[in-house]
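Structure first, commentary second.
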Amino acid sequence: MPPCFLGNKIQIDVYGKYRFEFSIRSMAEVLEVSRSGFYQFLKRSKNVLEKYDPELVEFIKETWLSNRKNYGLVRLLREVKKVYSFYGARTVRKVMKLCEIRGKQEKRFRIATTDSKHKNRIAPDLVQRKFQVARKMRFGFPMLRI
């Protein structure tokens, strides 16, 4: 599930669970990472959506859901610009990507040319061509008279 649909729940990682019981050295050893890598992970592991305005995230999510998950970037951006004029396409696109929001692709309209729900032939052979030639063409191509 994407992070924006989790609400304000913070995932409890191994460090958060056992940080008062074990030292960082022993936890890094158990997780088979270096201590410096472990510290870098702690810096990085914050919620990515925190750097975006929570009102914007909620607005995008509500707009997308209220329009039956049809709206893509262009339509969502148009709606965002009506309320928050200072957000651009890149910000909206990043929030959409983090929340796994995608618009539905419009299906191409195709005309149904045949009704294939029957056992009859689709079209009768009106020409009844028989591909047996009485004699071969003399020059390799038919001569046209205009």
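Going by numbering that gives the first Met the number 0, the sequence shown wraps up at 145, each residue one higher than the last. Backbone N, C-alpha and C fix where the C-beta goes; we use that ideal spot for every residue, glycine too.
query                                                                                                                 : result
C-beta atoms of V79 and Y70 nearer than 7 Å                                                                           : no
Residues of its chain near R170, where Cβ-Cβ distance is below 7 Å and the 5 sequence neighbours each way are ignored : This structure gives no information on residue 170, because the portion of the chain shown stretches from 0 to 145.
7 Å Cβ cutoff met for V29 and V56                                                                                     : no
Per-residue DSSP class, three states only, for A133                                                                   : coil
Rounded separation between K68 and S25 - CA only                                                                      : 46 Å
Secondary structure of Q127, DSSP reduced to three states                                                             : coil
Reduced DSSP category for K80 - H, G, I as helix; E, B as strand; rest coil                                           : helix
Local conformation of Y86 per DSSP, three classes                                                                     : coil
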